[in-house]
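Visitor: To convert, take the position in the sequence shown, counting from 1, and add 72; that gives this note's numbering. Just so you know, even glycine gets a beta-carbon here, dropped at the ideal spot from N, CA and C. Once you've had a glance at the structure underneath, I'll fire off some questions.
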Amino acid sequence: ADFFRFRKVVVPYGGISPLRRKEWEKAGVKLVDLTSPQVKRAQVALGLLRMDGAQPLVIGRHADPESKGLAAGHPGTRILEDTTDTARLAFSPAFGVVCQTTLSPRKVSWLVQQLRHRYNDAKVTFLDTLSPGMAARERALEKLMAQSDRVVIVGQAGEASCEALAETVSRKGRTAEIVASAGGIEPFMAGCGKRAAGLGS
73 ADFFRFRKVV VPYGGISPLR RKEWEKAGVK LVDLTSPQVK RAQVALGLLR
123 MDGAQPLVIG RHADPESKGL AAGHPGTRIL EDTTDTARLA FSPAFGVVCQ
173 TTLSPRKVSW LVQQLRHRYN DAKVTFLDTL SPGMAARERA LEKLMAQSDR
223 VVIVGQAGEA SCEALAETVS RKGRTAEIVA SAGGIEPFMA GCGKRAAGLG
273 S
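Listed below in structure tokens is the structure:
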């Protein structure tokens, strides 16, 4: 893209590849960096694991810009979204793992366990780079579900944190509705005594 047509380029919450950032800075592109501190921490953590000689892995969603940005910063990095990805990995003496910051903590823990179980002869180092806010939302939602008839998540369908909260609900055998704004809640609340609303990022 011809970035010289713009005065500034905004880097979103999920960040971009450090390699891409260096290219743009070298070309004189002015960046407004809105990358979250948690994503920056994950970028640094993955770099340290790679420097230690481990095969770098990112637990995350293949289509999510954050996961793609983390992986693109370190050539050879693989993204693990489910056990199918784990099964396709080539053996390495050491795996270095970080995770997308907006996933469900339980899902991340489960995938790390699966990785260690499948490659029990390898050294698996996992650095937890989940957002503390995501973990807190999941705990709060689990408590609310015990007192609610229906669960509605306010956010964009397909967005990582919304999908993670929906997974939390489905693990309890319940179904969550995801609506784009507070105004979309009421149609799902008819006839409900107690209501729980969760917010994505």
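What do you reckon, are the CB atoms on Val223 and Ile257 nearer than 8 Å?
Guide: No, Cβ-Cβ distance for Val223 and Ile257 is not below 8 Å.
Visitor: For the alpha helix (DSSP H) containing Gln186, name the first residue and the last one.
Guide: Unbroken alpha helix (DSSP H) run through Gln186: Pro177 to Arg190.
Visitor: Go ahead and label Pro102 buried or exposed: buried means 16 or more other beta carbons lie within 10 angstroms of its beta carbon, across all protein chains shown.
Guide: The displayed chain sequence assigns Lys, not Pro, to residue 102. So Lys102 ends up on the exposed side.
Visitor: Less than 8 Å between the beta carbons of Gln202 and Pro165, yes or no?
Guide: Just to set this straight, residue 202 is Leu in the shown sequence, not Gln. Going by C-beta atoms, Leu202 is not nearer than 8 Å to Pro165.
Visitor: Can you tell which of Asp157, Phe163 and Arg93 has its C-alpha closest to the C-alpha of Gly141?
Guide: Of Asp157, Phe163 and Arg93, the residue nearest in Cα terms is Arg93.
Visitor: Can you tell me where the beta strand (DSSP E) with Glu249 in it begins and where it stops?
Guide: Ala248 to Val251 is the span of the beta strand (DSSP E), which, as asked, contains Glu249.
Visitor: Let's see if you can read the secondary structure: which residues bound the alpha helix (DSSP H) around Pro204?
Guide: From DSSP, the alpha helix (DSSP H) with Pro204 extends over Pro204 to Met217.
Visitor: Hey, Leu187 and Val169: beta-carbon distance below 8 Å or not?
Guide: Taking 8 Å as the Cβ cut-off, Leu187 and Val169 qualify as a contacting pair.
Visitor: Inspect the CB distances between the stretch 104 to 122 and the stretch 154 to 164 and report whether three or more fall short of 8 Å.
Guide: Output reads no: the stretch 154 to 164 does not touch the stretch 104 to 122.
Visitor: Just tell me which of His146, Lys179 and Arg113 has its CA closest to the CA of Arg243.
Guide: It is Lys179.
Visitor: When you compare only the Cα positions, how much space is there between Leu175 and Tyr191?
Guide: Each residue's Cα considered, the two are about 23 Å apart.
Visitor: Is Leu275 helix, strand or coil when you go by DSSP?
Guide: Not covered by the structure: residue 275. The range shown for the chain is 73 to 273.
Visitor: In angstroms with no decimal places, state the Cα-to-Cα distance between Gly148 and Val111.
Guide: Their backbone Cα atoms lie some 19 Å apart in a straight line.
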